[in-house]
C-alpha cells in the first residue's frame, strides 16, 4: 500500500479543535529511481540545454562586428536583425530565470521531500503563473511591430467611435 501522507498538510485549529487536511503539490517521489533520472534528463535538462546552446549562438551573433560598407537599406536590415536578436535573447533569459526556480526545486524534491520544499514548490509555481502575465508585457516592450498592431486596433476603435458620435449628432440621439 502506498503512503500518501506526504501529500497532506495537517492544519489544526486551536480555537475550534478541528483538523483539516490540505493537499500539497503532487510529486513523483513514488516512482522508481530510474524514472526520476529520466524525468530530470528529458523533461528538465534537455530543454534547458537546448535553450542555453541557442543563447550562446545568439550572443555570439550579437558580438560579431558590423560589416564595414553597407548601403542605407542594408544598414536598416542589419539594425532590424540586431533588434530581433536582442528581443529573442531577452525573452530567452527571462524564460530561463522564471522557470529555473521551479525546475531546481522539482529536481531537489525527487531526492529530499519535506513539507518545506513542498511549500517552496508551490511558491515557485505561482512565479510560473506570473510569467503568463509578464511575458506579453515584455514582448510588447521589446517588439515594435507587436506594439504597432495595437495602434492599428486603437485607430479602428477611434474611427468607429467618431462615426457613432456623428450618427448620434445627426439624428439627435
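In this note's numbering, the protein residues as written are 239 to 411. Note that beta-carbon positions come from the ideal geometry of N, C-alpha and C, so glycine has one too.
Which listed residue (the options) has its alpha carbon closest to that of residue i
i: residue 375; options: 306, 352, 332 and 299; result: 332
i: residue 330; options: 352, 286 and 346; result: 286
i: residue 293; options: 283, 326, 271 and 317; result: 326
i: residue 302; options: 317, 380, 368 and 379; result: 317
i: residue 382; options: 283, 305, 322 and 304; result: 322
i: residue 366; options: 341, 304 and 379; result: 341
i: residue 290; options: 270, 306 and 328; result: 328
Residues near residue i by beta carbon distance below 8 Å, same chain, minus five either side
i: residue 266; result: For residue 266, the predicted structure reports a pLDDT of 46, less than 50, and the residue's modelled location is therefore unreliable. A value from the coordinates is still provided. Here the set comprises 273, 274, 277 and 348.
i: residue 308; result: 316
i: residue 412; result: With the chain covering only 239 through 411, there is no way to say anything about residue 412.
i: residue 343; result: 355, 358, 359 and 362
i: residue 368; result: 336
Extent of the continuous alpha helix (DSSP H) to which residue i belongs
i: residue 413; result: Nothing about residue 413 can be reported from this structure: the residues present for the chain run from 239 to 411 only.
i: residue 332; result: 310-349
i: residue 374; result: 353-380
Residues of its chain near residue i, where Cβ-Cβ distance is below 7 Å and the 5 sequence neighbours each way are ignored
i: residue 263; result: Annotation note: pLDDT 48 at residue 263 (below 50); position unreliable, coordinate value reported separately. 356, 359, 360 and 363, listed in sequence order.
Close Cβ partners of residue i (< 6 Å) along its chain, the five nearest in sequence each way excluded
i: residue 346; result: none
Discussion item. Using a Cβ distance threshold of 8 Å, determine whether the segment 306-318 contacts the segment 335-351, with at least three qualifying pairs required.
Written reply: no
Worksheet item: Are at least three pairs of beta-carbons, each pair with one atom in the segment 292-299 and one in the segment 349-359, less than 8 Å apart?
Response: no
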